[in-house]
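This report refers to the structure that appears directly beneath it.
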Amino acid sequence: MAVGKEIRSKIGSIKNTQKITRAMEMVAASKMRKTKDRMLATRPYSKKIGQIIKHLAQANPEYKHSFLVEREVKRIGIIVISSDRGLCGGLNSNLFRKTLNQITQWDKANVEIDICTIGTKAFGFFGNLKANLVGHVSKLGDTPHQHDIIGIIKIMLDAYAEGRIDELHVVSNEFVNTMTQKPTIEKLLPVVADELDESLNGHWDYIYEPDAKEVLDHLLTRYIESIVYQGLVENNACEQAARMVAMKSASDNAGNIISELQLIYNKARQAAITQEISEIVAGAAAV
Amino acid sequence: MTMTVHVDIVSAEKEIFSGLAQMVFAPAELGEVGISPRHAPLISRLKPGEVRVKGTDKEIFSFYVSGGMLEIQPHLITILADTAIRAKDIDEAAAIEAKARAEEALADKSGKIDYAVAQAQLQEAVMQLRTLDRLRKRGG
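Which chain is which? The protein sequence lines are D and C, in order. If you're matching positions, the first sequence starts at 1 in our numbering and goes up one per residue. If you're matching positions, the second sequence starts at 288 in our numbering and goes up one per residue.
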């Protein structure tokens, strides 16, 4: 019986799609656990280095580093962290939309923008916009290392030290929980030492080896690197979580379509049988 | 009771050691230092080398660091280890590479199909279609 051949093949193809999305969902779920662990593992370092910077801000060092001094903003550097692959819901689009809004505001204030991108998606988007791209790195995989990103950070820090940019921001997704990822824009430079710890206040200073300038240089560079690195691993966790959710809803939708099509198919089949019977009965009555 | 000091050794990618120690030895830039509890506040860069921690039971834990920072407070020693050997020229080379990558990829529009760009455009088109669809549904 040739009834509903198209419907049957359509059901078959949707079932195949569903298999793929379900597999991707499970892969993303297991990867998410790993990336989340990695994200948590980076926290002690940035917490410690943040504490040391805070100590330093209070210890009245004789040397004021240019990374700590605010100046008039004429040009801003942005590091955009995105994923390499798609199929992760609105993760990247939301991030880019937020970035664009911010860039438009800066643009109105006549501030120029330099962009460094991490991840293929950001590169595709901002390259397409003819933005001023000064550095790019991608295909870092699920286990990015800190030395993978020192190149683009060096570009931005040099630009800041030489006065070509006056602020540095990093844009990435913040992992709130599995269902929610929040796009955030964070200001890295100049470094603002917030909420001073009163108990530590006093007129003490560190002994610097070899000297304050070199130690501070080194420390602030590491500080920026650790924040960007943390953004990167956090964005990775966000990507997997977003993909898991997106693929789950894709599988559910496929299930709905299949059951609808199945209903249509059954109805068509039943109608065809009824028609055939009535034709036979009519034929028999005519004889 | 012997005096102890809290030691944290962390790298950007993970926590390496956290616990109490009687003595810590680290390869500071101006020579190896041994740190006892209640040392004066000090900050120093580290050279690549071995960090040894003498624990509360006199057992020795040994770690290799490829450079980093050492911070000493009277009751807290923090070692921020680098994850790879770092030098000025290595950083420089990485920066040049990242820049070159951006320029190369931007220039290389004609040859290979830029999948990310194509996908960005596709995404845009799909969103437009979806909006149209929604408008049509609301209208009809």
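Don't be surprised by glycine CBs; every beta carbon is placed ideally from N, CA and C.
Skipping 5 residues on each side, what residues in its chain have a beta carbon closer than 7 Å to that of Leu95 of chain D?
Result list for Leu95 of chain D: Ser82, Val171, Asn173, Pro183, in chain order.
What is the C-beta distance between Ile79 of chain D and Ile118 of chain D, in whole angstroms, given that I count them as a contact (C-beta under 8 Å)?
Confirmed, about 7 Å.
Between Ala394 of chain C and chain D, is there a C-beta pair that is closer than 8 Å?
Answer no: the Cβ-Cβ gap between Ala394 of chain C and chain D never drops below 8 Å.
Residues of chain C with CB under 7 Å from Phe125 of chain D, in chain order?
Near Phe125 of chain D (Cβ distances below 7 Å), the residues of chain C are Ala407.
Rounded to whole angstroms, how far is the Cβ of Tyr160 of chain D from the Cβ of Leu189 of chain D, which I believe are closer than 8 Å?
Yes, they are in contact, since the Cβ atoms of Tyr160 of chain D and Leu189 of chain D sit about 5 Å apart, within 8 Å.
Report yes if the C-beta distance between Ile7 of chain D and Leu261 of chain D is below 8 Å; otherwise report no.
Cβ atoms of Ile7 of chain D and Leu261 of chain D: closer than 8 Å.
Name the residue from C:Gln415, C:Arg421, C:Glu384, C:Leu393 whose alpha carbon lies nearest to the alpha carbon of Ile149 of chain D.
When only C-alpha atoms are compared, the closest one is C:Glu384.
Can you tell which of D:Asn177, D:Leu133, D:Lys31, D:Asp158 has the C-alpha that lies nearest to the C-alpha of Glu379 of chain C?
Comparing Cα-Cα distances from Glu379 of chain C to each of D:Asn177, D:Leu133, D:Lys31, D:Asp158, the minimum goes to D:Asp158.
With DSSP as the reference, label His147 of chain D as helix, strand or coil.
Three-state DSSP puts His147 of chain D in a helix.
Note down, in chain order, every chain C residue with its Cβ under 9 Å from the Cβ of Gln146 of chain D.
Per Cβ cutoff of 9 Å: Ser298, Ala299, Glu300, Asp369, Thr370, Ala371.
If we count the other Cβ atoms within 10 Å of its Cβ and call it buried at 16 or more, is Ser278 of chain D buried or exposed?
Result: exposed.
Going by DSSP, name the residue or residues bridged to Met356 of chain C.
DSSP lists C:Arg332, C:Leu367 as partners of Met356 of chain C.
I want to verify the contact list: residues of chain D whose CB lies under 7 Å from the CB of Leu317 of chain C, in sequence order.
Chain D residues near Leu317 of chain C: Glu209, Pro210.
Which runs of the beta strand (DSSP E), 3 residues or longer, sit entirely within the region 71–146 of chain D?
As far as the region 71–146 of chain D is concerned, its whole beta strand (DSSP E) runs of at least 3 residues are 75–81, 112–118, 133–137.
Short of 6 Å in beta carbon distance, which residues of its chain neighbour Thr178 of chain D, apart from the five on each side in sequence? Order them along the chain.
Excluding residues within five positions, the ones whose Cβ falls inside 6 Å are Ala241.
Can you give the Cα-Cα distance for Leu100 of chain D and Ala237 of chain D, rounded to whole angstroms?
When rounded, the distance between both Cα atoms is 23 Å.
Quick one: list the residues of chain D neighbouring Ala327 of chain C, beta-carbon separation under 8 Å, in chain order.
Those within 8 Å of Ala327 of chain C in chain D are Ile207.
Check the Cβ of His218 of chain D against every Cβ in chain C and list those closer than 8 Å, keeping chain order.
By Cβ distance, chain C contributes Arg332, Met356.
Below 8 Å, can you find three or more Cβ-Cβ pairs linking the region 354–374 of chain C to the region 110–130 of chain D?
Too few Cβ pairs lie closer than 8 Å, so no.
Just the Cα atoms here: how many angstroms apart are Gly77 of chain D and Lys121 of chain D?
Going by the C-alpha atoms only, they are around 19 Å apart.
Rounding to the nearest angstrom, what Cα-Cα distance links Ala382 of chain C and Trp106 of chain D in this structure?
Between Ala382 of chain C and Trp106 of chain D, the C-alpha separation is close to 26 Å.
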